[in-house]
Amino acid sequence: MKMIIECCVPASATRVYPCNNNMFATCSAITRRPLSLSLVSTSFSAFIFSLPPPSSSSFLSPSSKFPVSEFFVIPNSGGVKALDLLDGSGEVPADGDQVAIHYYGRLAAKQGWRFDSTYDHKDDNGDPNPFVFVLGSGKVIAGIDVAVRSMKVGGIRRVIIPPSLGYQNTSQEPIPPNAEAVHYNF
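According to full-length UniProt numbering, the sequence shown is numbered sequentially starting from 1.
Structural data, given as structure tokens:
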């Protein structure tokens, strides 16, 4: 099975909302059941991230606008492929820098079923909480670390992460073992 995770890196993070050490662990106020039952997305995300049924194995992305052939392999990444949709104007982070990302997690094999999103984790004002981690700390899957470390702040990137840098042979429900991931970053 292939997995799509769409990620967003905001231009800046004004607050830090720590979650458990696992990237896909839930924050204290969110439980797994409500998260997994949240099938309704906003009209914006439904419009932007709607997925047609896959018609060809040459496309991994949720939209036919992004064929895999347009992706490039990030140098020294272990096979992570990327498609920069918008180059950021900020600095590239380094090991030890704290970064904040927003992401959508989708399973490609289930026609884009979203299994997690930072947009589901809202603060008291209704704003989405970014996922915050220290680059190079090992607190996220290696593919996310590799993809973020070569981005500039404010950039938009979609990446394909091989299983060896993702979830490998583990089953972290609802993510199947050996899931190939795609990340979309702002």
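We put the beta carbon where it would ideally sit given N, CA and C, even for glycine.
- prompt: Taking 9 Å as the CB-CB limit, is P162 close to chain B?
  reply: Absent from the structure is chain B; it holds one protein chain and no more.
- request: Could you tell me whether the Cβ atoms of N129 and T118 are closer together than 9 Å?
  value: Looking up residue 129 in the sequence shown gives position 129. Looking up residue 118 in the sequence shown gives position 118. Yes, Cβ-Cβ distance for N129 and T118 is below 9 Å.
field: Beta carbon of L165 nearer than 9 Å to that of G105
entry: Working through the sequence shown from its first residue, we reach residue 165 at position 165. Working through the sequence shown from its first residue, we reach residue 105 at position 105. Not in contact: L165 and G105 (Cβ atoms no closer than 9 Å).
message: Using C-beta distances below 8 Å, list every residue in its chain close to I74, excluding the 5 sequence neighbours before and after it, in chain order.
response: By one-based count along the sequence shown, residue 74 stands at place 74. Excluding sequence neighbours, I74 sits near V80, K81, A82, V146, A147, S150 and V159.
- prompt: In whole angstroms, what is the alpha-carbon distance linking I144 and D95?
  reply: What you label residue 144 is simply residue 144 of the sequence shown in a count that begins at 1. What you label residue 95 is simply residue 95 of the sequence shown in a count that begins at 1. Cα to Cα, the separation comes out at about 13 Å.
query: Looking at the unbroken beta strand (DSSP E) that takes in D84, where does it start and where does it end?
result: Within the sequence shown, numbered from 1, the residue matching residue 84 stands at position 84. Segment K81 to L86, the beta strand (DSSP E) holding D84.
message: Does D116 pass the burial test, meaning 16 or more other C-beta atoms within 10 Å, or should it be called exposed?
response: Indexing the sequence shown from 1 puts residue 116 at position 116. Buried: at least 16 other Cβ atoms inside 10 Å.
Check whether I161 and L86 have beta carbons under 9 Å apart: For the purposes of this step, residue 161 is identified with residue 161 of the sequence shown, where counting begins at 1. For the purposes of this step, residue 86 is identified with residue 86 of the sequence shown, where counting begins at 1. With a cutoff of 9 Å on beta-carbon distance, I161 and L86 are scored as not near each other.
field: Length of the line joining the Cα atoms of S69 and P163
entry: Translated into positions along the sequence shown, residue 69 becomes position 69. Translated into positions along the sequence shown, residue 163 becomes position 163. Distance between the alpha carbons of S69 and P163: 19 Å.
message: Taking a contact to mean a Cβ-Cβ separation below 9 Å, would you say A100 touches V140 in this structure?
response: Counting from 1 along the sequence shown, the entry for residue 100 is found at position 100. Counting from 1 along the sequence shown, the entry for residue 140 is found at position 140. Annotated as distal: A100 and V140, with beta-carbon spacing of 9 Å or more.
task: Name the two residues that bound the continuous beta strand (DSSP E) containing V159.
output: Within the sequence shown, numbered from 1, the residue matching residue 159 stands at position 159. Element bounds for V159: I156 to I161.
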